[in-house]
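Heads up, the thing below is written out as structure tokens.
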Amino acid sequence: MKLEDYKKRRPFRTPEGYFAELNRKISEATVNAPAKEPAAKRFRIGVFAKWTSIAAMFIILCTIAIGLFDTNEETIPVNNTPQPKQVDKTANRKVAEYEENDIIDNIMENYSIDEYTFYCYLTEYE
Amino acid sequence: MTNKSYNEEDIIARLKDEKERAAAFSVIVNRYSQQIYWHIRRMVLSHEDTDDLVQNTFIKAWINIDKFRGDSQISTWLYRIAINETLNFLNKNRNNTVSINSPEGAIADQLESDPFFNGERADALFSEAVSRLPEKQRLAFNMKYFENMKYEEMSEILGTSVGALKASYHIAVKKIEDYLENND
């Protein structure tokens, strides 16, 4: 038999009336599984909301940056004389250890901003 | 909403309307369930497993209808879900089912004892030859040979270049011919 001949043969079969039953079962299952809102119906942020979210993002990023750099606890010297400020040589290394994705994940987990709005901000998408 | 009365654009528009969504999805199920069934069946061979996978495919499509933006065709989107479901299933069951590592003829033997297989030994050996292909080659072969799909459409579904798919198909044909020749 040539290779082309096999496709004309139909060795596999299904139970009698299977496809009608399959469609019924799927319809029944989808009734119990509510669909999410389609993409086109999603709320689109307006200009005001966009700039508000940009401002919020700026504050959040500043807060995170300060938190990352300001890792040394301040101590009061025993004799209360001003001490020369210690340069934290590890600070730059610590910041470098944070991958961009870590920062994004941290924002997504800790701040009430949805993924769509956040990526709108990052990509400047209106 | 009857099956024949709506084209692709109508269905997509109705999917976005909350009141018509369920009816539009029902049209999709009626229109594509057989195509998706046979696509999965050629990959997993067993009717029972295919039955589960087809249902999972459509339920996932329904639950994630929000991710369908109408950028691709409905069939492309369904195929992607079906292929993911199928490949996950095959990976999970690699050790439990007759596989490419089984002795030659084992898949054909199993098929011949399947109540939903009524082909001859040659058909069973042909199915075995296809089943022994690596997954991507098997997908490329099935989509081209049985479903007569265009390479561009296959490329969109599988995320593989047209050139790579053409190569996969021709390698698959050669392997199947060799297998059938050696197991005549």
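As you go down the protein sequences, you meet chains X and W in turn. The numbers in the first sequence follow the numbering used here, run straight up by one, and end at 185. The numbers in the second sequence follow the numbering used here, run straight up by one, and end at 1308. Note that beta-carbon positions come from the ideal geometry of N, C-alpha and C, so glycine has one too.
Limits of the alpha helix (DSSP H) - the one that residue i falls within
i	result
R1214 (chain W)	The amino acid at residue 1214 (chain W) is misidentified as Arg; the sequence shows Leu. Where L1214 (chain W) is concerned, the enclosing alpha helix (DSSP H) stretches over 1198 to 1216.
L1235 (chain W)	1230 to 1236
F78 (chain X)	77 to 90
S1279 (chain W)	1275 to 1282
Residue i - partner residues in DSSP beta bridges
i	result
F71 (chain X)	W:F1241
DSSP-derived helix/strand/coil call for residue i
i	result
R1145 (chain W)	helix
S1226 (chain W)	coil
T122 (chain X)	helix
R1138 (chain W)	helix
D1308 (chain W)	coil
L1169 (chain W)	coil
K100 (chain X)	Confidence in K100 (chain X) is poor, its pLDDT being 41 and thus under 50, which makes the residue's placement unreliable; the coordinate value appears in the next sentence. Correct three-state label for K100 (chain X): helix.
F1270 (chain W)	coil
M186 (chain X)	Any property of residue 186 (chain X) remains undetermined from this structure, which presents chain X solely from 60 to 185.
G1194 (chain W)	coil
T134 (chain X)	Residue placement at T134 (chain X) is poorly supported in this model, since its pLDDT is 46, which falls under 50; the coordinates still yield a value, given next. T134 (chain X): coil per DSSP, three-state reduction.
N1180 (chain W)	helix
S1079 (chain W)	The question about residue 1079 (chain W) has no answer here: the residues shown for chain W are numbered 1125 through 1308.
K66 (chain X)	coil
L1263 (chain W)	helix
L1257 (chain W)	coil
Buried or exposed by the 16-neighbour rule on C-beta atoms within 10 Å, applied to residue i
i	result
K1298 (chain W)	exposed
F117 (chain X)	exposed
V90 (chain X)	exposed
T111 (chain X)	exposed
G1243 (chain W)	buried
I125 (chain X)	exposed
T1210 (chain W)	buried
K1268 (chain W)	buried
Residue i at chain B interface by Cβ criterion, 8 Å
i	result
F1213 (chain W)	This model lacks chain B altogether; the protein chains it does include are X and W.
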